[in-house]
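Peer 1:
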Amino acid sequence: MAEQKGKAPSQNKEVRAKLQEIYDFLVDFTAINAYAYPDKKQYADLRDHLNAIRSRYKKRKPSKRITPTQPEEAK
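Residues in the sequence shown are numbered from 46 upward in steps of one, following the numbering used here.
1. Could you tell me the boundaries of the alpha helix (DSSP H) in which tyrosine 82 lies?
2. Please report how far the alpha carbon of tyrosine 121 lies from the alpha carbon of asparagine 57, in whole angstroms.
3. Nearest to alanine 97 by alpha carbon, out of Tyr82, Val72 and Ile77?
4. Just tell me which of Arg105, Asp90, Arg61 and Lys103 has its CA closest to the CA of threonine 75.
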C-alpha cells in the first residue's frame with residue numbers, strides 16, 4: 046500500500062502515451078500490410094477487426110460539443 050502512494054501521478058500519463066503510440070503503430074502497420082499484401086487474408090481480417098473496435102469505442106465515447114463564440118452571419 047505504501048508503495049502505491051509513492052508513485053508519481055504523471056506516470057499514468059506516460060504509460061497512456063506509450064500505449065497510444067504502440068496502438069497507433071499497430072494500426073498503421075496493419076493497414077499498410079493489408080494494402081501491400083492483398084492476397085494475405087489475415088491482414089485484411091485484422092484491419093477489419095481493429096476498425097470495428099475503433100468504431101465501437103467512438104460510439105461509446107461522449108462527444109464534446111463546441112459552442113461557437115460568435116454567431117455565424119446569414120448570407
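Idealized CB from N, CA, C, for every residue including glycine.
Peer 2: Looking at the coordinates:
1. As a working note, residue 82 is residue 37 in the sequence shown. It is not in any alpha helix (DSSP H) - tyrosine 82 carries neither H nor E in the DSSP assignment.
2. There is simply no residue 121 to check, as the chain begins at 46 and stops at 120 in what is shown.
3. Counting from 1 along the sequence shown, the entry for residue 97 is found at position 52. Here the closest residue by C-alpha is Val72.
4. On the sequence shown, position 30 is the one that residue 75 refers to. Closest option to threonine 75, Cα to Cα, is Asp90.
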